[in-house]
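> Each residue of the sequence shown is one higher than the one before, counting from 138 in my numbering. Glycine residues also receive a C-beta, built at the ideal position from the N, C-alpha and C atoms. No experiment lies behind these values; they were computed from the predicted model shown. Please see the structure below; I have some questions.
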Amino acid sequence: MAMSETLIAEVKHRAQRERERHEYPEDFPLLPPVPAARYSDPEFAALEQEAVFGRSWLFVAHADQVRQPGDYVLVEHLALPLIVVRGQDGVVRAHVNTCKHRGAALLTEPSGSTGRRMTCPYHSWVYDLEGRLVGYPDAANFREMDPACVDLTSVRCESWGPMIFVNLDPDAAPLSEYLGQVGEDLSEMADLDGRLHLAGITIRDVPVNWKLPVDANIETYHVNTVHRNTASKVLDQTTTGIQLLRNGHSRMLIALREGMPLTGKQPFPPVFEGLGDLPESGTFSYHVFPNLSIVFVGHGFLFLITNWPKPDGTSSYHVHWCSSLSSETEEGKKANDLFMGFNQDVLFEDLAVLPGMQTSIDSGALQVVNLNYQERRIYHVHEAIDHTIGVERIPEALRVPPVLGPFVEG
Ligand code: FES
138 MAMSETLIAE VKHRAQRERE RHEYPEDFPL LPPVPAARYS DPEFAALEQE AVFGRSWLFV
198 AHADQVRQPG DYVLVEHLAL PLIVVRGQDG VVRAHVNTCK HRGAALLTEP SGSTGRRMTC
258 PYHSWVYDLE GRLVGYPDAA NFREMDPACV DLTSVRCESW GPMIFVNLDP DAAPLSEYLG
318 QVGEDLSEMA DLDGRLHLAG ITIRDVPVNW KLPVDANIET YHVNTVHRNT ASKVLDQTTT
378 GIQLLRNGHS RMLIALREGM PLTGKQPFPP VFEGLGDLPE SGTFSYHVFP NLSIVFVGHG
438 FLFLITNWPK PDGTSSYHVH WCSSLSSETE EGKKANDLFM GFNQDVLFED LAVLPGMQTS
498 IDSGALQVVN LNYQERRIYH VHEAIDHTIG VERIPEALRV PPVLGPFVEG
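What follows is the structure, given as structure tokens:
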């Protein structure tokens, strides 16, 4: 079992206990105001790009996007343009999409199959799928070249079952170490390549800092307002249990209203049985620092939300919808489309509120963000950002004082 029965019971108990809580928890600190400029300051954004997105493990693709050797996707929302490609040996790797002759982009279509080789569109240098230069025209024009200078630059890439992660830091700890307790809870993920299918991808540009959509994913205080006609009908916002985990990660259960089935009888064969009945007790989710939310809708359907900063200060919102039913069957497609449709509507309700917040921040009308107890996962992410950047590098006026250390578990 991925989670012990004791832990599953404790997660549910924490959520239920919240329903009975009528006062601010005695042993919990007031969260200091968060400087709003953390959502708008270009220098702070540059520090985040360099340290947070430059040194964290980042979920970038589902294995179904690169199912066969030679299949690739371009990842163009990081500081370096990447090709994620499956090799002849079945291993998925990530290379910088920069030809080592004079820098042309090796591949230009966003996804597809490159066959056994990648050929530069400028002067036809040829690379194998492992990034080695294996040929170039008119060899007599070149002296012998050092492979270290002419092979593609590769970056760290690790698969966790069907989930493909990259890390731009060559010295990063392994992915399993980074995931920590999240990886332990969801240990079944490692065996799900080929069984947890990609049902679809939604991408939407949002005119706000990357953290605003992330914040909306990790608190439930807004549910009764923003989702009053959708999710709030079945979820009881007062029954939200949260556990802060190491490395900025966290776990959350928002329980069903009493007597309410989550989605009726689900057609999806269960693939996360190690979570006990958590996925049917409400909306059960994880946040993986910095920008990934893993949200369960039952034991056989989940979605992976990531939000990516863009150079102009706005962001790009991606959802990978995953199902134990393949959309290649009529029955699977019907069920997947239904679940994607409903959940996408709920997610878009969040996005609709956010541009107004960004205007408040950019205009200076909002100087600090005030967070409550139920929004403490947001503060946890802010603390992890400062820790990752190194607090001494952050202008004093933009720092968040660390207060959550004693409340981090697992
Ligand atoms: Fe790629 Fe010249 S830039 S072969």
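Quick one: does the C-beta of Trp262 sit closer than 8 Å to a heavy atom of ligand 1?
Counting from one through the sequence shown, the residue named residue 262 turns up at place 125. Flag set: Cβ of Trp262 near ligand 1.
> With a 10 Å radius around its C-beta and 16 neighbouring C-beta atoms as the bar for buried, classify His286 as buried or exposed.
Indexing the sequence shown from 1 puts residue 286 at position 149. Position check: residue 286 holds Cys in this sequence, whereas His was assumed. Cys286 should be labelled exposed.
> For ligand 1, any of its heavy atoms closer than 8 Å to the Cβ of His517?
The sequence position of residue 517 within the sequence shown is 380, counting from 1. Flag unset: Cβ of His517 not near ligand 1.
> Taking Thr376 as part of the alpha helix (DSSP H), name the residues at either end of that continuous run.
Numbered from 1 along the sequence shown, position 239 holds the residue referred to as residue 376. It is not in any alpha helix (DSSP H) - Thr376 instead sits in the beta strand (DSSP E) that spans 372-381.
> If I follow the unbroken beta strand (DSSP E) through Tyr454, where does it start and stop?
Here residue 454 refers to the residue found at position 317 when the sequence shown is read from its first residue. Per DSSP, Tyr454 belongs to the beta strand (DSSP E) from 452-460.
> Tell me the rounded alpha-carbon separation between Val319 and Ala327.
Along the sequence shown, read from residue 1 onward, the residue named residue 319 stands at position 182. Along the sequence shown, read from residue 1 onward, the residue named residue 327 stands at position 190. Whole-angstrom Cα-Cα distance: 12 Å.
> For my contact list, Tyr264 and Arg254 are in at a C-beta cut-off of 8 Å; report their separation, rounded to the angstrom.
Counting from 1 along the sequence shown, the entry for residue 264 is found at position 127. Counting from 1 along the sequence shown, the entry for residue 254 is found at position 117. Correct: roughly 7 Å between the Cβ atoms.
> So what's Ala216 in DSSP terms, helix, strand or just coil?
Start at 1 with the first residue of the sequence shown, and residue 216 comes out as number 79. Ala216: coil per DSSP, three-state reduction.
> Taking 8 Å as the cut-off, is the beta-carbon of Cys257 closer than that to any non-hydrogen atom of ligand 1?
In the sequence shown, residue 257 corresponds to position 120, counting from 1. Yes; taking the cut-off as 8 Å, the Cβ of Cys257 has a heavy atom of ligand 1 nearer than that.
> For Arg394, which of Val148, Arg156, Gly240 has the nearest alpha-carbon?
Along the sequence shown, read from residue 1 onward, the residue named residue 394 stands at position 257. Answer by Cα proximity: Arg156.
> Can we count His238 as close to ligand 1, meaning its CB is less than 8 Å from some heavy atom?
Along the sequence shown, read from residue 1 onward, the residue named residue 238 stands at position 101. Yes, Cβ of His238 sits closer than 8 Å to a heavy atom of ligand 1.
> Return yes when at least one heavy atom of ligand 1 lies under 8 Å from the C-beta of Tyr315, else no.
The sequence position of residue 315 within the sequence shown is 178, counting from 1. For ligand 1, not one heavy atom lies less than 8 Å from the Cβ of Tyr315.
> Taking C-beta to C-beta, are Ser464 and Gly437 nearer than 9 Å?
The residue given as residue 464 occupies position 327 in the sequence shown. The residue given as residue 437 occupies position 300 in the sequence shown. Result no, Cβ atoms of Ser464 and Gly437 do not sit closer than 9 Å.
> For Pro492, I'd like the list of residues in its chain whose CB is within less than 7 Å of its CB, leaving aside the five on either flank, ordered along the chain.
Position 355 of the sequence shown, counted from the start, is the residue given in the question as residue 492. So the qualifying residues of the chain are Pro344, Val345.
> Is the beta carbon of Asn304 less than 9 Å from the beta carbon of Ser193?
Against the sequence shown, residue 304 aligns to sequence position 167. Against the sequence shown, residue 193 aligns to sequence position 56. Contact flag set, yes.
> Taking the continuous alpha helix (DSSP H) assigned at Asn234, which residues delimit it?
Residue 234 sits at position 97 when you count from the first residue of the sequence shown. Note, Asn234: premise wrong, no alpha helix (DSSP H); not H, not E.
> Just reading off the alpha helix (DSSP H) that Pro342 is part of, what are its end residues?
Locating residue 342 in the sequence shown gives position 205, counting from the first residue. Looking at the sequence provided, one finds Asp at residue 342 rather than Pro. Here Asp342 belongs to no alpha helix (DSSP H); instead the beta strand (DSSP E) covers 334-343.
> Between the region 292-299 and the region 230-245, are three or more C-beta pairs nearer than 8 Å?
Yes, they touch.
> Could you check whether the Cβ of Ala241 sits closer than 8 Å to any heavy atom belonging to ligand 1?
Counting from one through the sequence shown, the residue named residue 241 turns up at place 104. Checking the Cβ of Ala241 against ligand 1 gives yes.
> For Arg388, does the three-state DSSP call read helix, strand or coil?
As a working mapping, residue 388 is identified with position 251 in the sequence shown. Of the three classes helix, strand and coil, the one that applies to Arg388 here is strand, per DSSP.
> Could I get the ranges of all uninterrupted alpha helix (DSSP H) runs contained in the region 244-300, with 4 residues as the minimum, in chain order?
Those alpha helix (DSSP H) runs which fall completely within the region 244-300 and span 4+ residues are 284-287.
> Of the residues Ile526, Tyr510, Arg530, Asn444, which one's Cα is nearest the Cα of Pro170?
As a position in the sequence shown, residue 170 is number 33, starting the count at 1. The shortest Cα separation from Pro170 among Ile526, Tyr510, Arg530, Asn444 belongs to Tyr510.
> Suppose you measure from the CA of His565 to the CA of Arg175; what does that come to, to the nearest Å?
Outside the shown range of the chain (138 to 547) lies residue 565, about which nothing can therefore be said.
> Whether or not the region 405-415 and the region 140-155 are in contact is what I'm after, with contact meaning three or more pairs of Cβ atoms, one per stretch, closer than 8 Å; do they touch?
At 8 Å Cβ cutoff, the stretches touch.
> Does the beta carbon of Tyr209 fall short of 8 Å from some heavy atom of ligand 1?
Walking along the sequence shown from the start, residue 209 turns up at place 72. Every heavy atom of ligand 1 is 8 Å or more from the Cβ of Tyr209, so no.
> Around the Cβ of Gly435, are there at least 16 other Cβ atoms within 10 angstroms (buried) or fewer (exposed)?
Start at 1 with the first residue of the sequence shown, and residue 435 comes out as number 298. Burial call: buried.
> Among Met300, Ala534, Ala336, whose alpha-carbon lies nearest the alpha-carbon of Leu475?
For the purposes of this step, residue 475 is taken as residue 338 along the sequence shown, with counting starting at 1. Considering only alpha carbons, the answer is Ala336.
> Using C-beta distances below 7 Å, list every residue in its chain close to Ala216, excluding the 5 sequence neighbours before and after it, in chain order.
Along the sequence shown, one-based indexing puts residue 216 at 79. The residues are Gln186, Phe190, Gly191, Leu305.
> For ligand 1, any of its heavy atoms closer than 8 Å to the Cβ of Tyr273?
As a first step, residue 273 must be located in the sequence shown, where it is residue number 136. Tyr273: yes, Cβ under 8 Å from ligand 1.
> Of all the options Val197, Val545, Gln202, which has the alpha carbon lying nearest to the alpha carbon of Arg388?
One-based indexing of the sequence shown puts residue 388 at position 251. For the residues Val197, Val545, Gln202, the minimum Cα distance to Arg388 belongs to Val545.
> Judging by CA-CA distance, which residue of Ala277, Leu243, Leu329 is the nearest neighbour of Leu270?
Residue 270 sits at position 133 when you count from the first residue of the sequence shown. If we check each option's Cα against that of Leu270, Leu243 comes out closest.
> Can you tell me the Cβ-Cβ gap for Ala139 and Ser430, rounded? I've got them flagged as a contact below 8 Å.
Counting from 1 along the sequence shown, the entry for residue 139 is found at position 2. Counting from 1 along the sequence shown, the entry for residue 430 is found at position 293. Ala139 to Ser430, Cβ: 19 Å. No contact.
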